[in-house]
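Residues 104 to 725 in my numbering are what the sequence shown lists, from first letter to last.
Even for Gly, the Cβ is constructed at its ideal location relative to N, Cα and C.
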Amino acid sequence: MSYYEDILEAKKGQILFLLGNEAIARGAIESGLSMAASYPGTPSSEVGDLFYAIYEKAGMHFEYSVNEKVALEVAFASSTLGLRSMVFMKHVGMNVASDAMMSIAYTGTKGGLVIMTADDPSLHSSQNEQDNRHYADLAHLPLIEPTTPQEAKDFITLAFDISEKYSIPVIFRTTTMISHERGLVQVSPIMDQKRLSNFESGRDLFNSIPQFASRNKKLLQEKMANIKSLESDRFVGVERAEEDEWGAISSGVGYAYLHDVITKYNLSISVLKIGMSNPLPEKSIIKFVREHPRIIIVEELDPYLEEKIRALCELEGVDSIIYGKMNSYFPNDYEFNMDIVRSGVFKAIGKEDPNSFTKGAESPLVAPRTPVLCSGCPHRASFFAVRRALKLAGMEDAKISSDIGCYSLGAYEPYDIGDYMISMGSSIGIASGIPVAASKRTVTFIGDSTFFHSGIPGLINAKMNNAQTTLIILDNRITAMTGQQPNPGSRDLDNLDSKQNISIESVVRGTGIDSVVTVDPFNLGEMLHAVTDSFKVDGPAVIISRRECAILRDAKEKKAGRHVVYTVNTEKCSGCYKCVEDFACPAISIVGGTASIDPDQCDGCGVCSQRYVCPFQAIEVA
Ligand code: SF4
Ligand code: SF4
104 MSYYEDILEA
114 KKGQILFLLG
124 NEAIARGAIE
134 SGLSMAASYP
144 GTPSSEVGDL
154 FYAIYEKAGM
164 HFEYSVNEKV
174 ALEVAFASST
184 LGLRSMVFMK
194 HVGMNVASDA
204 MMSIAYTGTK
214 GGLVIMTADD
224 PSLHSSQNEQ
234 DNRHYADLAH
244 LPLIEPTTPQ
254 EAKDFITLAF
264 DISEKYSIPV
274 IFRTTTMISH
284 ERGLVQVSPI
294 MDQKRLSNFE
304 SGRDLFNSIP
314 QFASRNKKLL
324 QEKMANIKSL
334 ESDRFVGVER
344 AEEDEWGAIS
354 SGVGYAYLHD
364 VITKYNLSIS
374 VLKIGMSNPL
384 PEKSIIKFVR
394 EHPRIIIVEE
404 LDPYLEEKIR
414 ALCELEGVDS
424 IIYGKMNSYF
434 PNDYEFNMDI
444 VRSGVFKAIG
454 KEDPNSFTKG
464 AESPLVAPRT
474 PVLCSGCPHR
484 ASFFAVRRAL
494 KLAGMEDAKI
504 SSDIGCYSLG
514 AYEPYDIGDY
524 MISMGSSIGI
534 ASGIPVAASK
544 RTVTFIGDST
554 FFHSGIPGLI
564 NAKMNNAQTT
574 LIILDNRITA
584 MTGQQPNPGS
594 RDLDNLDSKQ
604 NISIESVVRG
614 TGIDSVVTVD
624 PFNLGEMLHA
634 VTDSFKVDGP
644 AVIISRRECA
654 ILRDAKEKKA
664 GRHVVYTVNT
674 EKCSGCYKCV
684 EDFACPAISI
694 VGGTASIDPD
704 QCDGCGVCSQ
714 RYVCPFQAIE
724 VA
């Protein structure tokens with residue numbers, strides 16, 4: 104059995120060592136999950152990895168939908184017919200899904216519907232670090248936050264129960280650390296899947312025309328008031344210290360650090376741990392705050408709990424002193440760690456921080472390194488050809504809009520590809536806007552998965568505006584950055600012409616754009632010509648740069664026994680370093696005055712052997 108099948112087959116009481124995301128997936132299956140949908144996004148990806156591996160065996164439906172909004176709509180529809188359903192995404196995916204979510208909050212659900220968001224403090228793999236707890240306020244939805252993998256599994260079942268009992272979607276929020284920490288998890292039995300109702304007639308149920316929506320707004324508020332009155336002790340934990348001077352309130356990963364700091368330094372601080380951040384367990388909070396004249400609030404990102412608790416104290420006339428982000432005891436930005444929490448706690452309690460950094464200790468232990476595209480990555484060849492074509496055409500100052508995916512790494516030297524990178528699919532919209540202001544042709548990059556996700560509306564807009572842009576769709580046949588998930592163009596990876604795959608060429612031509620060519624970026628000459636020709640087109644010109652992701656290709660070549668590596672013929676190498684400075688494959692470096700290829704890193708793509716990269720043709724098959 105595979106690793107994921109072992110997780111599915113684990114029996115009641117068995118203890119597994121799971122990632123938070125794996126615990127969430129197991130918990131959802133234990134809860135009788137019938138359907139799940141997602142668009143892959145780190146740090147939520149492993150939930151999908153597990154479902155994708157076992158969904159048939161588990162007798163459930165799972166899909167990577169075209170984007171997060173569609174994923175939510177698919178899961179919602181299934182929930183309205185009584186099936187327990189789940190959608191999960193990274194934090195910015197919630198922005199895409201939110202249009203549907205705001206109305207689904209009003210209509211409510213039948214079968215339990217859980218919307219998982221994984222936030223990314225410190226922007227490890229994201230363009231911002233928004234705190235998605237605010238969505239719970241905006242949409243008037245319950246929000247549950249686990250701290251450990253065991254809680255992640257157990258709380259998912261509670262989320263489904265609440266959703267079903269109150270006919271309301273429940274937001275389940277993690278952060279990177281919660282999704283990616285590993286811990287021991289005791290599993291529970293897997294409940295049978297159930298169907299609460301078949302199709303119920305009555306269009307007022309799930310139709311949000313104003314007449315029904317205004318009634319549903321009231322119902323939504325009643326549901327939230329009922330959930331608030333629950334104050335379930337499953338979501339409230341109190342740890343008492345010997346003295347009652349100091350109390351601390353926390354949730355999510357903040358609690359984990361707080362707990363470690365209090366334990367390690369033997370601090371006399373009571374703790375109120377909150378597992379449901381909306382609606383807040385107000386009675387428990389007020390009781391706790393009344394009991395402790397000094398309260399520390401520990402939470403990552405925004406002062407979400409703090410603002411609410413301060414307002415609650417004001418309302419209830421409680422005058423305990425609060426130490427949090429709003430009075431600068433903790434930072435508002437980036438991921439927490441033990442040092443940050445320890446420093447804030449010691450500052451609050453007015454004691455010298457036992458581990459405060461000395462000047463010398465501030466030096467990082469690891470030298471900062473620029474992230475790089477993999478050896479043999481086809482994007483590198485596309486960037487190289489575009490940079491060369493722009494130079495030949497005297498267009499080096501052309502604005503380049505890029506998008507979300509591995510190719511966002513093109514922003515680093517030597518490619519310098521990406522004057523703009525904003526959000527999924529935004530590259531093409533931006534390409535429509537720049538020529539309006541600057542009357543100059545632009546170059547636009549978007550990946551295959553991102554194109555399907557939200558690039559198509561931008562493309563239609565570009566055609567409508569006759570935007571002067573060369574759009575390069577980097578089709579590496581997979582959603583690579585998040586871990587090789589399939590997308591609508593790669594349902595059947597082995598057969599490009601399979602009817603299962605949506606043809607990017609057909610989609611582009613369907614908009615009425617005539618200038619569409621498909622090129623293999625490993626053929627630098629062909630790519631160079633295609634890009635140069637595209638600059639002469641009046642309006643949008645599309646180049647589909649198709650070559651599978653190096654990781655896929657590498658695995659296939661090795662399996663077929665075709666894997667080769669390249670080497671530098673030092674007799675021919677002039678030491679011009681163009682291969683290092685302009686092409687920058689990480690397998691190539693300079694050793695003793697000539698270029699050298701590390702055979703362990705070389706993927707055998709052969710692009711560096713072409714005269715466009717090495718004018719002396721000094722790179723050969725080893
Ligand atoms: S481009 Fe060719 S000649 Fe120049 S350093 Fe690299 S291998 Fe040597
Ligand atoms: S063949 Fe050249 S470009 Fe390709 S992976 Fe090897 S060193 Fe890098």
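Item to check | Closer than 6 Å: C480 CB and nearest ligand 1 heavy atom | outcome: no
Checklist entry - In the structure shown, what three-state DSSP assignment does H177 receive? => result Per the sequence presented here, residue 177 reads as Val, with His not at that position. Three-state result, V177: helix.
Checklist entry - Whose CA, out of A721, R318, E651, lies closest to the CA of L94? => result Outside the displayed span of the chain (104 to 725) sits residue 94, for which this structure offers no information.
Checklist entry - Should F486 go down as buried or exposed, given a rule of 16 or more other Cβ atoms within 10 Å for buried? => result buried
Checklist entry - Out of curiosity, what's the CA-to-CA distance linking G463 and G678? => result Low local confidence applies: a pLDDT of 49 at G463 is under 50, so the model's placement there is unreliable, with the coordinate-based value given in what follows. Straight-line Cα distance between these residues: approximately 40 Å.
Item to check | 3-residue-minimum beta strand (DSSP E) runs that sit fully inside the stretch 244–326, ordered along the chain | outcome: 273–278, 285–289
Next on the checklist: Just to check my reading of the structure: L216 and S266 have Cβ atoms closer than 8 Å, yes? What is that Cβ distance to the nearest angstrom?
Outcome noted: 5 Å
Item to check | As assigned by DSSP and simplified to three states, the class of M630 | outcome: helix
Item to check | Outcome for Q289 when other beta-carbon atoms lying within 10 angstroms are tallied against a minimum of 16 | outcome: exposed
Item to check | Burial state of Q588, where buried means 16 or more other Cβ atoms lie within 10 Å | outcome: buried
Checklist entry - In chain order, what residues of the same chain have a beta carbon less than 7 Å from the beta carbon of F554, not counting five sequence neighbours either side? => result I576, I607
Next on the checklist: Let me confirm a value: A725 is counted as buried when at least 16 other C-beta atoms fall within 10 Å, else exposed. Which label applies?
Outcome noted: exposed
Checklist entry - Is it the case that the Cβ atoms of V710 and C682 are separated by a distance below 7 Å? => result no
Checklist entry - Should the stretch 350–357 be regarded as contacting the stretch 377–385, the criterion being three or more beta carbon pairs within less than 8 Å? => result yes
Next on the checklist: Taking the beta carbon of F302 as the centre, do at least 16 other beta carbons fall within 10 Å, making it buried, or is it exposed?
Outcome noted: exposed
Item to check | Distance between L244 and I412 (C-alpha atoms, nearest Å) | outcome: 18 Å
Checklist entry - Which one or two residues does DSSP pair with A644 in a beta bridge? => result T573
Checklist entry - Quick one, which of E345, I452, D109 has its alpha-carbon nearest A161's? => result D109
Checklist entry - Going by Cα to Cα distance, which pick from L153, A501, D519 is closest to Y107? => result L153
Item to check | Distance, A131 Cα to S291 Cα | outcome: 11 Å
Next on the checklist: Would S478 and C688 qualify as a contact pair, given that the criterion is a beta-carbon distance under 7 Å?
Outcome noted: yes
Next on the checklist: On the CB-based measure, 16 or more other CB atoms within 10 Å of its CB, does F338 come out buried or exposed?
Outcome noted: buried
Next on the checklist: On the criterion of 16 or more Cβ atoms from any shown chain inside 10 Å, does D551 qualify as buried, or is it exposed?
Outcome noted: buried
Checklist entry - On the three-pair Cβ rule with 8 Å, is the stretch 271–279 touching the stretch 222–231? => result yes
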